[in-house]
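Notes follow once the structure below has been shown.
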Amino acid sequence: GPLPPFAPMPTGKKLVNPPQVCSVTFNTAGLVTKYTIGYVVDRQVGNTGGLGGLYGLLYAIGSPLPFPEAQPWKMSKRYWAFQQLGNLASKLNK
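Residue numbers for the sequence shown follow the numbering used here, beginning at 23 and rising by one.
Right, dumping it as structure tokens:
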């Protein structure tokens, strides 16, 4: 159905969420002080681009929010270089 204001009309698209975890933080009195949800544990599952929560839902229906955190994860060039350096170091230590 509709999801105002993000999708005022139904899209007819199917949402397949990746597996996600949540966490609950309690204070010393045993009361909940924080509840989090939307931490994706396998980005390869589903059609949300590896995103959880509302970001994943909006991506799946073709209405992603316009900032980097609401887009599928992409490895940066610096991170790729760091990974390559780590791989090389592992090979040299064998």
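For each residue, glycine too, the CB sits at the ideal point set by N, CA and C.
- With contact defined as three or more Cβ pairs closer than 8 Å, the region 33 to 43 and the region 89 to 107 are not in contact.
- Closest in C-alpha terms to R65, from the list P26, K113 and K96, comes K96.
- By the beta-carbon neighbour count (other beta carbons within 10 angstroms, threshold 16), V62 is buried.
- Inclusion of T33 and G84 in the CB contact set at 8 Å is warranted, their separation being smaller than that value.
- Look at L25 here: in three-state DSSP terms it is strand.
- With a contact defined as Cβ atoms closer than 8 Å, G74 and Q42 qualify at about 5 Å.
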